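A.B. asks:
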Amino acid sequence: MFGPRRDVPANGQESVWDYPRPPRLEPVSARLRVIFNGETIADSISGFRVLETSHPPVYYIPQTDIRMDLMRKASGSSWCEFKGEARYWSIEAGDRRSDNAAWSYPSPSPAFAPIADHLAFYASRVDACFVSDERVQPQQGDFYGGWITSLVVGPFKGGAGTRGW
1 MFGPRRDVPA NGQESVWDYP RPPRLEPVSA RLRVIFNGET IADSISGFRV LETSHPPVYY
61 IPQTDIRMDL MRKASGSSWC EFKGEARYWS IEAGDRRSDN AAWSYPSPSP AFAPIADHLA
121 FYASRVDACF VSDERVQPQQ GDFYGGWITS LVVGPFKGGA GTRGW
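Last residue of the sequence shown: 165 (UniProt numbering), numbering continuous.
Spelled out as structure tokens, the structure:
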């Protein structure tokens with residue numbers, strides 16, 4: 001068999017191999033939180049998640065629920081074939097800084113227009129991220145920025161040896 005062997009989800013879980021490509025955007029009412037240097041950077045029940053084959057969900061939080069006074073626009077950008085041009089954000093809280101800790105799509109493609117004023121955070125570049133009360137695990141590889149919870153099973157793209165999936 002070529003590629004990964006799909007983990008079988010238990011009752012109440014989702015397999016990332018059942019997510020679509022191109023990705024799907026959906027609202028999420030679970031509480032989303034981001035913590036950095038003792039500060040709650042984001043706290044929302046009005047987020048979105050992007051679901052794409054082989055990737056854990058990426059959560060987008062509205063800027064109105066983010067401490068934008070602690071966010072700094074970072075240099076550089078990247079391109080997503082589905083969402084458009086991404087811009088990056090750094091966090092400065094107290095005596096700590098996390099470069100390129102988040103990203104946004106200021107002018108996303110029409111299918112992703114609802115996330116225009118939202119940011120997604122790399123769980124590996126902050127102290128903690130939560131979906132409901134569950135602390136997430138960062139997606140390996142630090143490129144895609146998915147949040148892994150007990151509700152999703154993989155295997156997940158992003159780690160060593162997964163580029164060709």
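Note that the Cβ used here is the ideal one computed from N, Cα and C, for glycine as well.
Note that this is a predicted model, so its numbers are computed, not measured.
With distance defined between alpha-carbon atoms, name the residue in S46, R5, I148 and R72 nearest to T64.
C.D. replies: Working through the sequence shown from its first residue, we reach residue 64 at position 64. Among S46, R5, I148 and R72, the Cα nearest to that of T64 belongs to S46.
A.B. asks: For M68, count the other beta carbons within 10 Å of its own beta carbon; 16 or more makes it buried, fewer makes it exposed. Which is it?
C.D. replies: The residue you call residue 68 lines up with position 68 of the sequence shown. That one is exposed.
A.B. asks: So, under 8 Å CB-CB, G84 and Y60 are touching, yes? Tell me the CB distance rounded to an integer number of Å.
C.D. replies: Against the sequence shown, residue 84 aligns to sequence position 84. Against the sequence shown, residue 60 aligns to sequence position 60. That belief does not hold up - the Cβ atoms of G84 and Y60 are roughly 14 Å apart, past 8 Å.
A.B. asks: Skipping 5 residues on each side, what residues in its chain have a beta carbon closer than 7 Å to that of L70?
C.D. replies: By 1-based counting over the sequence shown, the position of residue 70 is 70. Same-chain partners within the cutoff: E39, I41, I91, E92 and A93.
A.B. asks: Near S54, which residues of its chain fall below 6 Å by C-beta distance, leaving aside the five closest residues on each side in sequence?
C.D. replies: By 1-based counting over the sequence shown, the position of residue 54 is 54. For S54, where only same-chain residues beyond five positions count, the Cβ hits under 6 Å are V16, K157 and W165.
A.B. asks: The beta strand (DSSP E) spanning G84 covers which residue range?
C.D. replies: Taking the sequence shown and counting its residues from 1, the one referred to as residue 84 is at position 84. From DSSP, the beta strand (DSSP E) with G84 extends over G84 to A93.
A.B. asks: Which residue comes first and which comes last in the beta strand (DSSP E) that contains A101?
C.D. replies: The residue labelled residue 101 in the question sits at position 101 within the sequence shown. Here the beta strand (DSSP E) through A101 covers R96 to S104.
A.B. asks: Take A111 as the anchor and find which of R97, L25 and S29 has the nearest alpha-carbon.
C.D. replies: Counting from one through the sequence shown, the residue named residue 111 turns up at place 111. Checking every option, the nearest Cα to that of A111 belongs to L25.
A.B. asks: Residue range of the beta strand (DSSP E) that D43 falls in?
C.D. replies: As a position in the sequence shown, residue 43 is number 43, starting the count at 1. Element bounds for D43: E39 to S44.
A.B. asks: Since V28 is in the beta strand (DSSP E), which residue starts that stretch and which ends it?
C.D. replies: Residue mapping note: residue 28 aligns to position 28 of the sequence shown, counting from 1. Segment R24 to V28, the beta strand (DSSP E) holding V28.
A.B. asks: Where G154 and Q139 are concerned, what is the direct C-alpha to C-alpha distance, given to the nearest angstrom?
C.D. replies: Within the sequence shown, numbered from 1, the residue matching residue 154 stands at position 154. Within the sequence shown, numbered from 1, the residue matching residue 139 stands at position 139. Each residue's alpha carbon lies about 11 Å from the other.
A.B. asks: Go ahead and pull the three-state DSSP assignment for A116.
C.D. replies: Translated into the one-based positions of the sequence shown, residue 116 becomes position 116. Here A116 sits in coil by DSSP.
A.B. asks: Cα-Cα, which of R97, P114, Y122 and D95 is closest to W103?
C.D. replies: On the sequence shown, position 103 is the one that residue 103 refers to. Measuring from the Cα of W103, the nearest candidate turns out to be Y122.
A.B. asks: Residue range of the beta strand (DSSP E) that V34 falls in?
C.D. replies: Residue mapping note: residue 34 aligns to position 34 of the sequence shown, counting from 1. Run containing V34: L32 to F36, per the beta strand (DSSP E) assignment.
A.B. asks: In whole angstroms, give me the CA-to-CA distance for P9 and L151.
C.D. replies: In the sequence shown, counting from the first residue as 1, residue 9 sits at position 9. In the sequence shown, counting from the first residue as 1, residue 151 sits at position 151. Cα to Cα, the separation comes out at about 9 Å.
A.B. asks: Taking S132 as the reference, which of R125, I148, D117 and H118 has the closest Cα?
C.D. replies: Numbered from 1 along the sequence shown, position 132 holds the residue referred to as residue 132. Nearest C-alpha to S132: I148.
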